[in-house]
Structures are given as C-alpha cells and as structure tokens.
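Notes follow the structure.
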Ligand SMILES: [Zn+2]
C-alpha cells in the first residue's frame, strides 16, 4: 500500500465550484472517516508551515475536495506548537445565542482575501466525534466564529458570500502580515475568482 500524504496543494480554492456544493452526511464513522481526518490535518498543517503570519484554525473536508460533513478545529488557536485538532462529524448548530458581531475571517480556500463577517457570539453545537459518539457543547467568541465558518463550508457557503454587498468589509494582508482594506469597486465587486 502506498501512503499518500496530503499537501497544501490538495486544498481547493475559489473559483472551484465544489466549494459552493453541499456535503453529504456521514452515515457511519469508520476508519475511512479517520483517514479523511488525517488527510485534512496533514493538508492544514502543511499550509500553515508555508505561512509565516497565519495559523490553520480549522478545515472542512470539502476543502480537500471531499464532499463529506467532516470538520477539524484547532484545539489551541494561540499556539502553532500545539498541532492538535478536534474532529466534528456531521456538525450542526442547534441554537444561536448572544449577538451578531463582525470580525475578521480568512479561509484557506480564499486566496489573499479577508473579510469582516457578522457571526453569532455564542452557539450550541451537536456532532459526532472521531469515534462516532454523539457530543453536544457550547462555544463562544472566536471558537463560535470558526465553527459557524466551517459548518457553512459543509453547506456550500464561503465567508465572502455573507458580505458580498458590504463595501467596507474586505481586506488583504500586506507583506508585514497587517490587514489592509481592499477597494471594493476595484478588487471585490466584479472579482471573477470570488463570484465566478
Ligand atoms: Zn474556510
């Protein structure tokens, strides 16, 4: 058997239309599911190792072109040293709580574009873990934002879709890793990569 190690090049990016398709529910969590998780983790970490200013906070299976409802979320967002992820299979938001708050987001599947996206500050989530056990938990703050972003991926929604009409919500990273506003009319409005 030949082991194929997933690389950052295996991460699909816009305008790939698969990013706007709905993923399928996992019927049974199997070794195949866990291999998918291993592939996602390898691709996310390979991407991170190529980026000096960014961390791979999370990844959805569709981003390595597998239309299955599997998401991995970094266990510690503040440390590049901790390379562990939490696995969520068939994740669903059962309740939105708190308030809508706009903050910065980026995506491994959207090159060089960041956005200020409104998200709920608190959510309740249900999912299966990597062994297929049912789990329920509450999330708030950045974790809640990340999970909303990833569940969107399983539904074929990319973060830019939430802010398509918001003229002052788009940013890019400069060479120092600082976010700079993008001119909407010039770089966003008719950007064929973002909107196909
Ligand atoms: Zn994303």
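In the numbering used here, the protein residues as written are 726 to 921. Don't be surprised by glycine CBs; every beta carbon is placed ideally from N, CA and C.
- Task: With residue 823 as the anchor, note down where its beta strand (DSSP E) starts and where it stops.
- Result: What you label residue 823 is simply residue 98 of the chain shown in a count that begins at 1. Per DSSP, residue 823 belongs to the beta strand (DSSP E) from 810 to 832.
- Query: Between which two residues does the alpha helix (DSSP H) harbouring residue 762 extend?
  - Reply: As a position in the chain shown, residue 762 is number 37, starting the count at 1. Under the DSSP assignment, residue 762 falls in the alpha helix (DSSP H) whose first and last residues are 756 to 774.
- Message: Suppose the cutoff is 7 angstroms on Cβ atoms and the five residues either side in sequence are ignored; what does the same chain contact list for residue 813 look like?
- Response: Sequence index remark: in the chain shown, residue 813 carries index 88 (1-based). The answer, listed in chain order, is 796, 798 and 852.
- Item | With 16 other Cβ atoms within 10 Å as the buried cut-off, status of residue 706 | One cannot answer for residue 706 here, as it falls past the ends of the chain, which runs 726 to 921.
- Item | Span separating the alpha-carbon of residue 827 from that of residue 805 | In the chain shown, the residue the question calls residue 827 occupies position 102. In the chain shown, the residue the question calls residue 805 occupies position 80. About 25 angstroms.
- Message: Assuming residue 919 is part of the alpha helix (DSSP H), what are its boundary residues?
- Response: Taking the first residue of the chain shown as position 1, residue 919 is located at position 194. Its alpha helix (DSSP H) spans residues 917 to 920.
- Straight-line CA distance for residue 840 to residue 888? Working through the chain shown from its first residue, we reach residue 840 at position 115. Working through the chain shown from its first residue, we reach residue 888 at position 163. Distance from the CA of residue 840 to the CA of residue 888, rounded to the nearest whole angstrom, comes to 8 angstroms.
- Query: Mapping DSSP to helix, strand and coil, what is residue 837?
  - Reply: In the chain shown, counting from the first residue as 1, residue 837 sits at position 112. Residue 837 falls in the strand class under three-state DSSP.
- Message: With H, G and I counted as helix, E and B as strand and the rest as coil, what does DSSP make of residue 901?
- Response: Your numbering for residue 901 matches position 176 in the chain shown. Look at residue 901 here: in three-state DSSP terms it is coil, with no helix or strand label.
- Query: Does the distance from the CB of residue 844 to the CB of residue 864 come in under 8 angstroms?
  - Reply: Reading the chain shown from its first residue, position 119 is the one you call residue 844. Reading the chain shown from its first residue, position 139 is the one you call residue 864. If you check the CB distance, residue 844 and residue 864 do not come in under 8 angstroms.
- For residue 853, does the three-state DSSP call read helix, strand or coil? The residue labelled residue 853 in the question sits at position 128 within the chain shown. Under the three-state reduction of DSSP, residue 853 is assigned to strand.
- Whether residue 738 touches residue 836 by CB criterion (8 angstroms): Within the chain shown, residue 738 is the residue found at index 13, counting from 1. Within the chain shown, residue 836 is the residue found at index 111, counting from 1. Result yes, Cβ atoms of residue 738 and residue 836 sit closer than 8 angstroms.
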